[in-house]
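Number of protein chains: 2
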Amino acid sequence: MKQEANIYEIAKEAGVSIATVSRVINHSSAVSEKNKRRVLAAVEKLNYVPNNAARSLSTSTSTSVGVVIPDISNPFFSQLLQGITLASDEMGLNIFLFGTNENSEREHKVLDSMREHRLRGVIITPVSAEDGETLRRLHNFEARGIPVVLLDREVDSTAFDRVVTADDEGVFLAVNELIRIGHRRIAIITGPEASRPGRERLRGYCRSMEAHGLPLRDEYIRKGNFMVQCAYEQALVLCSLPEPPTAIFSSNNMTTYGCLKAFGELGLRIGEDIALVGFDDIEELRWLNYNLSVVSRDVPKMGEQAMRHLMRRLENEIRPEHGTRTCLPTELILRGSECLPKKKTL
Amino acid sequence: MKQEANIYEIAKEAGVSIATVSRVINHSSAVSEKNKRRVLAAVEKLNYVPNNAARSLSTSTSTSVGVVIPDISNPFFSQLLQGITLASDEMGLNIFLFGTNENSEREHKVLDSMREHRLRGVIITPVSAEDGETLRRLHNFEARGIPVVLLDREVDSTAFDRVVTADDEGVFLAVNELIRIGHRRIAIITGPEASRPGRERLRGYCRSMEAHGLPLRDEYIRKGNFMVQCAYEQALVLCSLPEPPTAIFSSNNMTTYGCLKAFGELGLRIGEDIALVGFDDIEELRWLNYNLSVVSRDVPKMGEQAMRHLMRRLENEIRPEHGTRTCLPTELILRGSECLPKKKTL
DNA sequence: GTGAAAGCGCTAACAG
DNA sequence: CTGTTAGCGCTTTCAC
């Protein structure tokens, strides 16, 4: 089992010193054409690849960034991941992937284990905004010069760079539109209160309702957790209300599925018997000819942006006092499911 | 910006030598209770975490495995990834994630860049089974003692461990069932020929048809590429045939969506106007009350198994002459979409 | 433009 | 049980 060649073997083969080999490999300083050729030939011949651990130890830096994702199998996060990997290998960075399964304890463990790797930076969608343990660890990274970028969710601190979207505004406009076309009884199935997305989307809803002088009725504001089952149950509750809503806003992709499941069982068609507008587009539904209206955003781009932020921090040594908050736009896409039911069917 | 503490600082703080610190940290050999306590206290006090690069350089081994995935945003692969990460952190291994976007050239680049990291092992779903360049690189890993596990797809070599599923058998049984309940004109939309899953699923179809003395009609065997658009077009073609099939087998999740899109446009209901059986279950469809029958398998488990295989290879130093091939079962789940159309509607 | 040599932080003999 | 020391492979002064 042949070992990987090291820099000494290359130096010997090329008849130069290891310093010269290093210079050629890193383009770090001028080397004579002749020596450069010889080194390159040796590298080729011995199939040499520099040892990252050694390099990283020597320079006390690395080429890896840690990415912490709460639920890898959720399409939203895998699209995020897609964007992250795309940008990362454009920049020559490698991704250490960690999953927390929405579990704070696992998140702490993961964050601890990441320290061993002397990462260049960290991109994380934290489980909760209010977790002091996580916050402490993130501050610790920054204190050690390892930039942290929060993605989609935030924490109770303004110290980090963040990439988020205009959820509030997106939902505001969506509900505005619902009201404009005649809806008055508009419900929302919310996300977890401990997360920015959950809170902001609810806020957009409330803002719009209030702006139009519509009451915020408790029975129309159903607490969800971004999961299908809970949303399904809440949708059923809404539909069986004495005075059911004519429209439901669902706060994320899973919530939308929960609503659709409930509607399916009740025989309700969206845009005809009941209006539904969701947060985050679901490509699959278009293939199935669902005319779902959504507040949409470019998810892979969010991941890309997070990567670029990291890069920017890596390049400008300076550490800003406060993190920058990049807010990507959302877009209201109307496909028909927002329509006011023609007749009272509920 | 305080730097991470190193082993010398711990040694000084604890009043012992670095060797003792190392011993405590790695539980590598006995240390007196007293010293152990002092070291642990120092570690705690200085918030020490060992430097992985140094450790890895010193031991010329590492704790990371490379995972190469062709399409991170495809739910199938993100479920695979979910299983992989689950198993990996149970084993204390870290994941270097690489995406190839089904592009062979990127795959080669990725494989090259992975060599720098001196990984413990590699798990890969290769873009193509017939790519000599990829094959060469994979052999290279094995030659250097870095085990390679192929996941879902294989390559033209028996040298590596593989985790696959009984696709052939699964499809065979599915088509058997179609025939049993009365279907005779059964079509298939295939996957890429250059991949094991594509080939095997087609084979299962052919085997069943032949076993029942049914002809393999060219116009019923439509070449697909596991993508929605192509499947959609092929489904349309099938439905407009002079003698259209009564049942279609779709070779993967995306293909299934393509069929459903076509059926939606044509106003065909599965299990009523036309039968559809797909490979790989799609949870979302159940929420939407689709009664899709599928050949199903435990996808996260496939990822877990791949990880376990790697672990096994890592523990038994011996390198087997041939890789082992682990074949996980598939299961036929009948939900109604397989039913024979009552009347000729096409 | 080039080479010698001093680390980077850790592990693993080897002596005691 | 404990400490000393020689690397692991590479980068980076510092002389030449």
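Going down the list, the protein sequences come from chains A and B.
Mapping to numbering that gives the first Met the number 0: the first sequence position 94 is 93, numbers consecutive.
Mapping to numbering that gives the first Met the number 0: the second sequence position 95 is 94, numbers consecutive.
Even for Gly, the Cβ is constructed at its ideal location relative to N, Cα and C.
On a predicted model such as this, the values are computed, not experimentally measured, just so you know.
Distance, residue j Cα to residue i Cα
{"i": "residue 108 of chain B", "j": "residue 99 of chain B", "result": "9 Å"}
{"i": "residue 287 of chain A", "j": "residue 169 of chain B", "result": "26 Å"}
{"i": "residue 96 of chain B", "j": "residue 101 of chain A", "result": "20 Å"}
{"i": "residue 195 of chain A", "j": "residue 181 of chain B", "result": "54 Å"}
{"i": "residue 5 of chain A", "j": "residue 88 of chain B", "result": "31 Å"}
{"i": "residue 383 of chain B", "j": "residue 186 of chain B", "result": "Only positions 0 to 345 of chain B appear in the structure, and residue 383 of chain B is not among them; the question remains open."}
{"i": "residue 255 of chain B", "j": "residue 282 of chain A", "result": "14 Å"}
{"i": "residue 77 of chain B", "j": "residue 31 of chain B", "result": "47 Å"}
{"i": "residue 134 of chain A", "j": "residue 334 of chain B", "result": "47 Å"}
{"i": "residue 18 of chain A", "j": "residue 251 of chain B", "result": "53 Å"}
{"i": "residue 289 of chain A", "j": "residue 257 of chain A", "result": "15 Å"}
{"i": "residue 347 of chain A", "j": "residue 54 of chain B", "result": "The question about residue 347 of chain A has no answer, for chain A in this structure spans 0 to 345."}
{"i": "residue 222 of chain A", "j": "residue 293 of chain A", "result": "20 Å"}
{"i": "residue 111 of chain A", "j": "residue 104 of chain A", "result": "11 Å"}
{"i": "residue 279 of chain B", "j": "residue 114 of chain A", "result": "38 Å"}
{"i": "residue 245 of chain A", "j": "residue 275 of chain A", "result": "9 Å"}
{"i": "residue 203 of chain A", "j": "residue 166 of chain A", "result": "7 Å"}
{"i": "residue 237 of chain B", "j": "residue 266 of chain B", "result": "15 Å"}
{"i": "residue 227 of chain A", "j": "residue 253 of chain A", "result": "5 Å"}
{"i": "residue 72 of chain B", "j": "residue 74 of chain A", "result": "7 Å"}
{"i": "residue 162 of chain B", "j": "residue 137 of chain B", "result": "16 Å"}
{"i": "residue 200 of chain A", "j": "residue 307 of chain B", "result": "42 Å"}
{"i": "residue 174 of chain B", "j": "residue 247 of chain B", "result": "10 Å"}
{"i": "residue 91 of chain A", "j": "residue 310 of chain A", "result": "11 Å"}
{"i": "residue 178 of chain A", "j": "residue 158 of chain A", "result": "38 Å"}
{"i": "residue 130 of chain A", "j": "residue 106 of chain A", "result": "10 Å"}
{"i": "residue 70 of chain B", "j": "residue 268 of chain A", "result": "33 Å"}
{"i": "residue 328 of chain B", "j": "residue 205 of chain B", "result": "20 Å"}
Minimum Cβ-Cβ distance from residue i to chain A less than 8 Å
{"i": "residue 304 of chain B", "result": "no"}
{"i": "residue 204 of chain B", "result": "no"}
{"i": "residue 17 of chain B", "result": "no"}
{"i": "residue 77 of chain B", "result": "yes"}
{"i": "residue 334 of chain B", "result": "no"}
{"i": "residue 188 of chain B", "result": "no"}
{"i": "residue 24 of chain B", "result": "no"}
{"i": "residue 199 of chain B", "result": "no"}
{"i": "residue 271 of chain B", "result": "no"}
{"i": "residue 74 of chain B", "result": "yes"}
{"i": "residue 71 of chain B", "result": "yes"}
Exposure of residue i, with buried meaning 16 or more beta-carbon neighbours within 10 Å
{"i": "residue 44 of chain A", "result": "exposed"}
{"i": "residue 27 of chain A", "result": "exposed"}
{"i": "residue 231 of chain B", "result": "buried"}
{"i": "residue 33 of chain B", "result": "exposed"}
{"i": "residue 234 of chain B", "result": "buried"}
{"i": "residue 303 of chain A", "result": "buried"}
{"i": "residue 14 of chain A", "result": "exposed"}
{"i": "residue 338 of chain A", "result": "buried"}
{"i": "residue 305 of chain A", "result": "buried"}
{"i": "residue 336 of chain A", "result": "buried"}
{"i": "residue 318 of chain B", "result": "exposed"}
{"i": "residue 124 of chain B", "result": "buried"}
Neighbour flag for residue i against chain B, beta carbons, 8 Å
{"i": "residue 288 of chain A", "result": "yes"}
{"i": "residue 375 of chain A", "result": "Lying outside 0 to 345, the shown extent of chain A, residue 375 of chain A is not represented and no answer is given."}
{"i": "residue 32 of chain A", "result": "no"}
{"i": "residue 106 of chain A", "result": "no"}
{"i": "residue 27 of chain A", "result": "no"}
{"i": "residue 117 of chain A", "result": "yes"}
{"i": "residue 101 of chain A", "result": "no"}
Any non-hydrogen atom of the ligand GDP within 7 Å of residue i CB
{"i": "residue 4 of chain A", "result": "The ligand GDP is absent from the structure shown, which contains no ligands of any kind."}
Open item on the list: Give me the subset of the segment 130-156 of chain B whose CB atoms are less than 7 Å from a CB atom of chain A, sorted by chain position.
Closed with: For chain A, the residues of the segment 130-156 of chain B that bring a beta carbon within less than 7 Å of one of its beta carbons are 142, 143 and 144, in chain order.
- [ ] Please list the residues of the segment 36-60 of chain A that have a C-beta atom closer than 7 Å to any C-beta atom in chain B, keeping them in chain order.
- [x] Cβ contacts with chain B: 48, 49, 50, 51, 52, 53, 55 and 56.
TODO: Mind checking the segment 222-235 of chain A against chain B and listing, in chain order, the residues whose C-beta falls within less than 9 Å of any C-beta there?
DONE: For the segment 222-235 of chain A, which is checked against every Cβ of chain B, the residues closer than 9 Å are 227 and 231.
TODO: Assess, as a yes-or-no matter, whether the segment 231-242 of chain A is touched by the segment 54-74 of chain A under the definition of 3 or more beta carbon pairs within less than 8 Å.
DONE: Output reads no: the segment 231-242 of chain A does not touch the segment 54-74 of chain A.
Task: Any 3 or more C-beta pairs closer than 8 Å across the segment 285-301 of chain B and the segment 73-87 of chain B - done: Judged by Cβ distances under 8 Å, the segment 285-301 of chain B makes contact with the segment 73-87 of chain B, as three or more pairs qualify.
Task: the segment 143-154 of chain B in contact with the segment 209-228 of chain B per 3-pair CB rule at 8 Å - done: At 8 Å Cβ cutoff, the stretches do not touch.
Task: Stretch pair the segment 120-129 of chain B + the segment 141-148 of chain B: three plus CB contacts closer than 8 Å - done: Result yes; three or more Cβ-Cβ pairs closer than 8 Å.
TODO: Give, in chain order, every residue of the segment 80-97 of chain B whose Cβ lies closer than 8 Å to some Cβ of chain A.
DONE: So the close ones are 80, 81, 84, 85, 88, 93, 94, 95, 96 and 97.
Open item on the list: So if I threshold CB-CB distances at 8 Å, which residues from the segment 243-263 of chain B count as touching chain A?
Closed with: Listed by position along the chain: 256, 257, 259, 260 and 263.
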